[in-house]
Amino acid sequence: MGEVLSNWKTYVPNSAYLTQRGATFLFDAQGELLYEHRDRAILGFAADMSHPLSFLQSL
100 MGEVLSNWKT
110 YVPNSAYLTQ
120 RGATFLFDAQ
130 GELLYEHRDR
140 AILGFAADMS
150 HPLSFLQSL
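In structure tokens:
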């Protein structure tokens, strides 16, 4: 944790990507995006991904 926090700008050069969960981004030395993968199955287990706990209403 100390390593990440003390080198925050190295690990997170652009905070616009900070909220991305389940994703991988690869940037070149100039900060240009070379590759991205966004996991589409973060809430794939839910019948209603906007309300993942909605199944509890039927219990």
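Using the numbering used here, read the sequence shown as starting at 100 and increasing by one per residue.
Heads up, the beta-carbon is just placed ideally off N, CA and C, and yes, glycines get one too.
For residue j and residue i, believed in contact at Cβ under 8 Å, the rounded distance
i    : j    : result
G101 : P112 : With 8 Å as the limit, G101 and P112 do not qualify as a contact, their Cβ atoms being about 19 Å apart.
Residue j beta carbon less than 8 Å from that of residue i
i    : j    : result
F124 : L117 : no
Option nearest residue i by Cα separation, candidates the options
i    : options          : result
R137 : A122, L155, A145 : A122
Per-residue DSSP class, three states only, for residue i
i    : result
A128 : coil
L133 : strand
A115 : helix
Cut-off 6 Å between Cβ atoms - residues of its own chain near residue i, not counting five sequence neighbours on either side
i    : result
Y134 : L125
Y110 : V103
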